[in-house]
Amino acid sequence: MRIDLNCDLGEGAGHDAELMPLITSANIACGAHAGDEATMRATVELALRHGVAIGAHPGFADREHFGRREQPVTPEEVFQLVRKQVFALQGIARDTGAAVAHVKLHGALYNLAARDAAIAEAAAYAVRDAGPELVWFALAGSAQVAAGRECGLTVASEVFADRTYQADGSLTPRSRADALIADENIAVAQVLRMVRERKVCATDGADAAIAADTVCLHGDGAHAVEFARRLRAELAAAGVEVRSFARESRE
0 MRIDLNCDLG
10 EGAGHDAELM
20 PLITSANIAC
30 GAHAGDEATM
40 RATVELALRH
50 GVAIGAHPGF
60 ADREHFGRRE
70 QPVTPEEVFQ
80 LVRKQVFALQ
90 GIARDTGAAV
100 AHVKLHGALY
110 NLAARDAAIA
120 EAAAYAVRDA
130 GPELVWFALA
140 GSAQVAAGRE
150 CGLTVASEVF
160 ADRTYQADGS
170 LTPRSRADAL
180 IADENIAVAQ
190 VLRMVRERKV
200 CATDGADAAI
210 AADTVCLHGD
220 GAHAVEFARR
230 LRAELAAAGV
240 EVRSFARESR
250 E
């Protein structure tokens with residue numbers, strides 16, 4: 000049994016150096032919602048030192064709201080937005096002797112593409128344009144998964160350690176008070192069950208089926224490092240191997 004652990008980095012949260020050894024995939028901000036050329040380069044080099052798979056993390060160009068406010072966009076605008084950011088990280092990676100292995104959308108763009116098939120398709124085709132070998136990290140059960148498969152990308156279904164779920168397997172909207180899991184014990188138990196049983200307990204108390212190829216650990220929480228350490232230990236104790244999905248898919 001295997002699982003990939005991914006984390007959004009290069010966003011200025013201050014935990015990157017501590018988190019990098021604990022994860023297997025790094026989603027690096029590409030200068031739109033956060034980051035710049037210097038942070039991208041530093042995060043790529045940090046990932047290289049720890050043998051972590053490098054991924055692009057494109058989002059809306061909205062630093063004021065950290066890319067978490069939805070914007071009115073056309074599919075063509077999304078295609079160009081994603082393509083530009085992935086290309087930017089690929090250029091920096093090449094300069095350091097590395098390669099981008101995967102792409103995961105950020106924030107409001109991620110959520111929009113999860114429910115809007117046309118937006119998901121535009122983003123997925125932008126990824127394919129940047130490199131058909133790139134793995135598409137997509138919200139499990141969402142329009143992103145269908146779009147990625149439709150355009151021929153390898154898709155990793157993503158789940159979240161600290162988010163609650165609805166009966167249909169979708170994430171609880173952040174606007175709701177019960178969207179986030181604050182209790183570390185509950186978050187760890189949720190991850191273990193998603194990985195081992197492919198099920199998650201929804202907010203209504205019913206079980207929902209869920210595919211789990213990669214687990215997102217948010218890197219901007221006050222206890223992000225401690226939680227990552229504990230989750231790695233709990234996964235090891237449960238006999239779950241932690242390994243990069245992108246690398247595994249190429250073997």
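Using numbering that gives the first Met the number 0, you'd call the opening residue of the sequence shown number 0 and step up by one each time. Backbone N, C-alpha and C fix where the C-beta goes; we use that ideal spot for every residue, glycine too.
Item checked: For D203, the first and last residue of its enclosing alpha helix (DSSP H) -> Run containing D203: none; DSSP gives neither H nor E here.
Checklist line | Beta-carbon proximity of R162 to A142, cut-off 7 Å | finding: no
Next item on the list: Please report the Cβ distance between G106 and F59, rounded to the nearest whole angstrom; I am assuming they are in contact, meaning their Cβ atoms lie under 8 Å.
Entry: Indeed they touch by this definition, with Cβ atoms about 7 Å apart.
Checklist line | Where L191 falls: helix, strand or coil (DSSP) | finding: Helix.
Notebook entry, point to check: If you drop the 5 nearest sequence neighbours on each side, which residues of the same chain put their C-beta closer than 6 Å to that of E240?
Noted result: R1
Notebook entry, point to check: At what residue ranges does the stretch 43–81 contain a whole run of the beta strand (DSSP E), taking only runs of 3 or more?
Noted result: 52–56
Check: Going along the chain, which residues of its own chain have a beta-carbon closer than 7 Å to the beta-carbon of S156, five neighbours each way excluded?
Finding: A137, A139, V144, A210, A211, D212
Next item on the list: Please state whether DSSP places R93 in a helix, a strand or coil.
Entry: R93: helix per DSSP, three-state reduction.
Next item on the list: Could you spell out where the alpha helix (DSSP H) holding D7 opens and where it closes?
Entry: Looking at the DSSP string, D7 is not in any alpha helix (DSSP H); the run it does join, the beta strand (DSSP E), is 1–8.
Item checked: Other residues of its chain near A16: CB distance less than 8 Å, five sequence neighbours each side excluded -> L45
Checklist line | Backbone secondary structure at S243 - three-state DSSP | finding: coil
Checklist line | Length of the line joining the Cα atoms of W135 and V126 | finding: 8 Å
Next item on the list: Flag this pair as yes or no: are the beta carbons of M39 and I27 separated by less than 7 Å?
Entry: yes
Next item on the list: Could you give the DSSP three-state label for S141: helix, strand or coil?
Entry: coil
Note to self: Let me make sure I understand the geometry here. Which of A221, E10, D7, A25 has the alpha-carbon closest to that of R282?
What the structure shows: Within the shown structure, residues of the chain are numbered from 0 to 250, placing residue 282 beyond reach of any answer.
Next item on the list: For A160, name the three-state secondary structure that DSSP assigns.
Entry: coil
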